[in-house]
Amino acid sequence: MSTQQEVLDFIKTLKPGFPSVGNDTNLLENELLDSVAMMELVLWSEEQYGFTVDTDDLTPENFATLDAIAAYIDKACSAA
């Protein structure tokens, strides 16, 4: 399973009824994720993949889309 799909599956557990989105859909600009959901996603990422998200990395560039989130996770995993 791709990282994007794993992230999407987790988001769907947080937000039942979450719409179908593309990997490049901006989840923040489209108000699909709020700050609480983002923090849950960060905590899940840390637990699921075994790394710590640096506060400097909590940016829209890293967490706005499924592609961005997956790229950040993959990069963090390879650095860990």
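Each residue of the sequence shown is one higher than the one before, counting from 146 in my numbering.
All C-beta atoms in this analysis are idealised placements derived from N, C-alpha and C, irrespective of residue type, glycine included.
Per DSSP, the unbroken alpha helix (DSSP H) holding Pro205 starts and ends at Pro205 to Phe208.
Between the segment 147 to 164 and the segment 175 to 188 there are three or more inter-stretch CB-CB distances shorter than 8 Å, so the stretches are counted as touching. Assigned with DSSP and collapsed to three states, Asp201 falls in helix. In the DSSP assignment, Asp219 falls within the alpha helix (DSSP H) that extends over Leu211 to Ala224.
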